[in-house]
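Chains as they are written, first to last, in our numbering: chain A, 1 to 416; chain B, 1001 to 1416.
Now the structure itself:
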């Protein structure tokens, strides 16, 4: 099969020309399941928060002007006309020269515009003596002072953490519209591949990629759908990929895309829909055999069989597509600066990614050490790596002691 | 009720003396549900990975010594004795002077110790001519070179990301033992509180804390159990808290712990089990009414009713307990340095936490701006805040332009 290696930038451009990631849909979920989902619409406040003038102290609701001049040794007397409890509508009104007992959280009665704290008041029968003056609005929250009715309070595309969920609860929303998770079918191919948990006969190895890729899909907001392992046999492969494309929004395969005699995935993809394969091999290391297809509007990433290469290609190409289809804003990759512990060499003419592990140095900085450079088949390379260093196509090499930018697989703690 | 304010450090010490967070249990989950769970045991490799000497190229399996001296213009001839495919046990042996055709991923036949790449070989009938020499081990992975049988490959307490899940799959594990999520009962109290989704009658407000706290519990690896809202009435409260303690490992209440006439939670907690309330009020701002109890071995955090105070106390006190009971390593809090945009004042004699939002300055640094300082009832304070600045008890104040450490509610992107 004709294969023309593309540079990484070309591959990204061709993908962009052929496919624009858009959210796959909207669904309504209860607040209890909304954590870490993405808002599919602006949220407009249907009510004021608080919904009424609310006392923030235990004390006495007053007209502030009535207290002016009150001092420690010169209290002002007010007539006590009743009390309000939390959760009740006040039945009394505060007229000039009068007051109403109130507790934290209770609604201010009509006529009151401030609260005098319990501590500054002495009560005798139906009269209270306040030893402090208060200004208008003191010790209370005005209706709508937290959130105004009709205010746009949360924006479409925000990810919902505990704090945004609090805002939705405050407004009385029990349900929220969020973007659907894109369904990502994950298929491993190869006659030697066995599902973990089953016995391993000679010459076979366990399936790694379906599991790493499914977990990586979850990490970026997709919903992985695991399919059976298929041998590199045209008819079975065709049937499985057809089924996968029918049930999912994105398809990921791994294995079966190097140049050996059984590499039939690209041929099969071309028979399944238009335009078929759009990128067939990328000038990167590791991950050269990576193939991208669009089949009747659905993106297909055929990742290499080697676990490290496979997950790297996922990170640099597929991740942003899944994020886009999940309605998530493309996040800036998390990077840290570190000092290279050893020389790192690029592969000639290819964008090179060197897996590194990070350790602290004595002065509080970070040191990036290459992990088992070149052994892209090694799953432990991946498990030991905290991230990768990117070496551009025209770059010579990185020297020990050079400062490098490390792209992290997940955020480090305490990076300041 | 007698109340003695504790400093934050005292409160932490008393909690530590009365309760040691330990994992609540272990459960087995399939790999597909293992993402972001915590390993409950060391993982020892039951097999070599790869399980056999494995070709990493398409080509010819050889004895390396047979190829020594081969060059572009001086090929060496070897007798072709068969082929091996992926997933099969080789039936042939490579004897001196012979070779076997092989593909990527197939097991090396007995006798072979290297692979010559397809590109350097010309085949004529049953003889191949190699134009390159290979050294022992070239273009192959030795059995166990990735993971050795009996090696401790993952450690107890590791959090499982896509990469560790790949390691488990490679070893054939379909299930993995992880720590159980601690069950955290979340109870809101107050006569004015209404569940979101229900109509809001006058004087009532929607329940915020049950939702923010439940989401925060999820964020640190716990499993929130939502219970009904209970009014501040002794018998109902007693029954609900008893039920919550029976069904959960930790109890969180919110509201009902300030000094007003209906603050009955501490009294009720003291009737439920020993030792009861151990910290009754903390010299912090916001969050002073926070109460901690231990009831027959289970920790109870009674958080203030104000949403910001409540979530702050959760972050500085409850979070580390939940992490410990989830078997998660106490993570270093994520912090960044920023320049204060305005003066920040501590409350006299109290540890003060100022909510701030972060923005970038022109030189690529960060600016921390106080959010609605002092309005701890405002849920929007929380929604707008990226984190908080801690001001120690004896500290005077922070000046505009001072560099401050901001504790982030969640990791920022691109912090390098």
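Where a beta carbon is used, it is the ideal one built from N, C-alpha and C, also for glycine. Computed from a predicted structure; not experimentally measured.
When C-alpha distances from residue 230 of chain A are compared across A:386, A:83, A:264 and A:224, the shortest belongs to A:264. Rounded to the nearest whole angstrom, the C-alpha separation of residue 1111 of chain B and residue 1323 of chain B is 53 Å. Under the three-state reduction of DSSP output, residue 307 of chain A falls in the helix class. Its Cα nearest to that of residue 359 of chain A, the residue A:339 stands out among A:351, A:339 and A:349. Under the three-pair Cβ rule at 8 Å, the segment 81-98 of chain A counts as touching the segment 52-71 of chain A. In the three-state scheme derived from DSSP, where H, G and I count as helix and E and B as strand, residue 1325 of chain B is classed as helix. Nearest CB-CB separation between residue 1051 of chain B and chain A: below the 8 Å threshold. For the segment 12-46 of chain A, the set of residues with a beta-carbon nearer than 7 Å to any beta-carbon of chain B comprises 31, 32 and 35, in chain order.
Under the Cβ distance rule, residue 1165 of chain B counts among the residues neighbouring chain A, one pair being separated by less than 8 Å. For the segment 68-96 of chain A, the set of residues with a beta-carbon nearer than 9 Å to any beta-carbon of chain B comprises 84, 85, 86, 87, 88, 89 and 90, in chain order. One Cα belongs to residue 269 of chain A, the other to residue 24 of chain A, and the distance between them is close to 22 Å.
In the DSSP assignment, residue 1135 of chain B forms no beta bridge with any residue.
For the options B:1045, B:1404 and B:1116, the alpha carbon positioned closest to that of residue 1136 of chain B is the one of B:1116. Relative to residue 218 of chain A, the option among B:1161, B:1296 and B:1016 whose CA is nearest is B:1161.
Residue pairing by DSSP puts residue 1292 of chain B in a beta bridge opposite B:1279 and B:1301.
Looking at the DSSP output, residue 80 of chain A bridges to A:99. Residue-level contact by beta carbon holds for residue 1305 of chain B and chain A, with a gap shorter than 8 Å. In the three-state DSSP reduction, residue 1407 of chain B falls in the strand class (E or B).
Neighbours of residue 192 of chain A across chain B, judged by C-beta separation under 7 Å: 1086, 1087 and 1105. With its beta carbon at least 8 Å from every one in chain A, residue 1272 of chain B lies outside the interface. For residue 185 of chain A, the enclosing beta strand (DSSP E) stretches over residues 183-188. At least one beta carbon of chain B lies nearer than 8 Å to the beta carbon of residue 173 of chain A. Excluding five sequence positions before and after residue 1384 of chain B, the CB atoms of its chain that fall closer than 6 Å to its own CB belong to 1357 and 1371, given in chain order. For residue 167 of chain A and residue 1334 of chain B, the gap between their C-alpha atoms comes out near 24 Å. The residue from B:1004, B:1326, B:1353 and B:1401 with its alpha-carbon nearest to that of residue 1038 of chain B is B:1326.
DSSP, read as helix, strand or coil, puts residue 1166 of chain B in helix. In summary, residue 1139 of chain B is buried, with 16 or more beta-carbon neighbours lying within 10 Å of its beta-carbon over all protein chains present. Taking all protein chains shown into account, residue 164 of chain A has 16 or more neighbouring C-beta atoms within 10 Å of its C-beta and is therefore buried.
Judged by DSSP secondary structure, residue 128 of chain A falls within the beta strand (DSSP E) whose first and last residues are 127-130. A straight-line Cα-Cα distance of about 25 Å links residue 390 of chain A and residue 1365 of chain B. The segment 211-257 of chain A contains, as complete beta strand (DSSP E) runs of 3+ residues, the segments 223-226 and 250-254 (chain order). In the three-state reduction of the DSSP assignment, residue 61 of chain A falls in the strand class. At the C-beta level, residue 253 of chain A and residue 308 of chain A stay beyond 8 Å of one another. For residue 1055 of chain B, the number of other beta carbons within 10 angstroms of its own is at least 16, and it is reported as buried.
With contacts defined as CB atoms closer than 8 Å, residue 180 of chain A and residue 26 of chain A qualify as a contacting pair.
Below the 8 Å Cβ cutoff, chain A contributes 162, 163, 165, 166 and 169 as neighbours of residue 1212 of chain B, in chain order.
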